[in-house]
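The opening residue of the sequence shown carries number 0 in numbering that gives the first Met the number 0; numbering runs sequentially from there.
Just so you know, even glycine gets a beta-carbon here, dropped at the ideal spot from N, CA and C.
Computed from a prediction, not measured in an experiment: that's the story for all the values here.
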Amino acid sequence: MTGGDMMELIQELYPILRSLTGDGVRETLSILARHNPIEIHEVPSGTSALDWTVPLEWNVREAWIRDPEGNKIVDICESNLHVVGYSIPVRKRLSLNALQANLHSIPEQPEWIPWRTSYYEENWGFCLPHSQREALQDGEYEVCIDSSLEDGHLTYGELFLPGESDRELLVSVHVCHPSLVNDNLSGIAVSTAVAEKLSGSNRRLGVRFLFIPGTIGSLTWLEHNRETAGRIVGGLTLTCLGDSAPLTYKRTFGGKAEFDRVASQVLGELVPDHKELDFYPYGYDERQYNSPGFRMPIGSLMRSRHGRFPEYHTSADNISLISEGQLEEAANVILNILRTMDQNRRFRSLAPEGEPQLGRRGIYRAIGGGGDPETRQYAMLWLLQAGDGFHTLLDVAERSKIAFGDIHAAAIVLEQHALIEWC
Ligand code: ZN
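What follows is the structure, given as structure tokens:
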């Protein structure tokens, strides 16, 4: 998938009314399943999810407000942000004054519709531009939210690309936001592109992709997949990957995991202006994966930070906020991080006493293949010097300041000439 393909996928997913549960998530996953063979899981309401419980399933057919003249002035057919997520059903007439308690707008951004939810408290409401709210006339209004909140399922998608080893990497994105693009259709599209790209190749480490509703989805998955969780050696949550800000990596809780070092190495090589942040207990599902009972080394990749850009969770988080190039760069960086994790191994020199004579083995000719021969030769000397069985390729890349790809290519040549072995 190119950046253009990712944009197209985002345009297709944009109008769907998603929430923690419901048919919008199902429709989204069925579209994603056209790209990758995603397994779709349905978890019944009431199922335990660690300290939480899978909620009732929410669906909404119509939601609108009519003014005193009977005109529909707010309607989810125009924007699905208009209805507060998880609104209980309501159909009544009420005064403007009474209606105000159930309206939400942003005075500082009077033309934007905010996105609000009330997942864990029974409530109903509408979101609208502040300028429209200010212009409402006194009188009797009619409101209708034709929703259902009943026993059903939490739906999530999972895709597993097996590797030779039973250890795995994880890529997790939330699929619970309605018409919001950067947060998080960008993450969904990038994850889909990465999965599609990886599915054609062989790998040492398995790669697992989760398309889940935020928080409750990862809690549900963790409770019912403890063994799999224990096999995960690194991974990422993906969010806000399409805007114009440079890529930002949020480290795992420990901050010094192999995955943190790999992410830093790859970003250092590919995105000189990237940023790195220490873990903080706010954000997306990395909070659940890194919790003390699991401590999975899961970082997060983003551009703008959630809550720190003005368009966040408003109707202004639309297609105009993102670009093809940014999506493509993000996908490329993630592929490189996953590949580097896959290729990073401990190794041992098979000629550890003194310096082996490379010329005699025809190795100088072997390195002509790709890249700069001088760099490759220097990379070999570093590898042979470091080959005591305690160091990884990443250790050598970090210490030598040679790109990981050159270190890996040199290691392959040494392995082919029986000068190193993997441990
Ligand atoms: Zn969000």
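- The residues L16, V59, E61, A62, W63, H81, V82, in chain order, have a CB closer than 8 Å to that of I75 in the same chain once the five nearest residues on each side in sequence are set aside.
- Pairing F403 with D165, the inter-Cα distance amounts to about 24 Å.
- It is roughly 10 Å from the alpha-carbon of T214 to the alpha-carbon of W51.
- Excluding five sequence positions before and after W381, the CB atoms of its chain that fall closer than 6 Å to its own CB belong to V395, S399, given in chain order.
- By the Cβ rule, the stretch 223-236 does not count as touching the stretch 268-276, because fewer than three pairs are nearer than 8 Å.
- Rounded to the nearest whole angstrom, the C-alpha separation of D145 and W57 is 11 Å.
- Inclusion of W123 and V73 in the CB contact set at 9 Å is not warranted, their separation being larger than that value.
- The C-beta distance from N317 to D242 rounds to 11 Å, too long to meet the 8 Å contact threshold.
- Cβ-Cβ distances below 6 Å link T313 to W111, P113 in the same chain, with the five nearest sequence neighbours on each side left out; the list follows chain order.
- With respect to the 9 Å criterion, E257 and P296 are classified as neighbours on the basis of their beta carbons.
- Residues C239, D242, A244 of the same chain have their beta carbon placed closer than 6 Å to that of S303, with the five preceding and five following residues left out of the count.
- Distances from the CB of H390 to the heavy atoms of ligand 1 are all 8 Å or more.
- Relative to ligand 1, L184 has its C-beta separated by 8 Å or more from all heavy atoms.
- A straight-line Cα-Cα distance of about 29 Å links A228 and L8.
- Here T46 carries a coil assignment [DSSP, helix/strand/coil].
- DSSP assignment within the stretch 251-336 yields the following whole alpha helix (DSSP H) runs of 4 residues or more, N-terminal first: 257-269, 285-288.
- Between G386 and R359 the beta-carbon gap is near 18 Å, outside 8 Å, which marks them as no contact.
- By a beta-carbon distance limit of 8 Å, A192 contacts A330. Their separation comes to about 5 Å.
- Cβ atoms of V53 and T154 stay farther apart than 8 Å, at about 10 Å.
- At a Cβ-Cβ threshold of 9 Å, L204 and Y248 do not count as neighbours.
- Boundaries of the alpha helix (DSSP H) harbouring R25: 22-31, taken from the DSSP string.
- Between the alpha carbons of Y281 and E163 lies a gap of roughly 35 Å.
- CA-to-CA, the gap between Q376 and Y363 works out to about 7 Å.
- Scanning its chain for C-beta atoms nearer than 8 Å, with the 5 sequence neighbours on each side dropped, one finds around P177 the residues I15, L16, R17, S18, G23, N79, L80, G84, W114, in chain order.
- Comparing C-alpha distances from I419 to each of E397, E373, R344, D405 shows the shortest one belongs to R344.
- Where R345 is concerned, the enclosing beta strand (DSSP E) starts and stops at 345-348.
- Relative to the Cα of L383, the nearest Cα in the group I406, P372, E26, L160 belongs to I406.
- In the DSSP assignment, P113 forms a beta bridge with T313.
- Shortest gap from the CB of L31 to any heavy atom of ligand 1: 8 Å or more.
- Between the beta-carbon of P309 and that of Q108 there is about 7 Å, and that keeps the pair under the 8 Å contact cut.
- Going by DSSP, W421 is part of the beta strand (DSSP E) stretching over 419-421.
- Counting only residues of its own chain and dropping the five nearest sequence neighbours on each side, R286 has a CB closer than 7 Å to the CB of P280.
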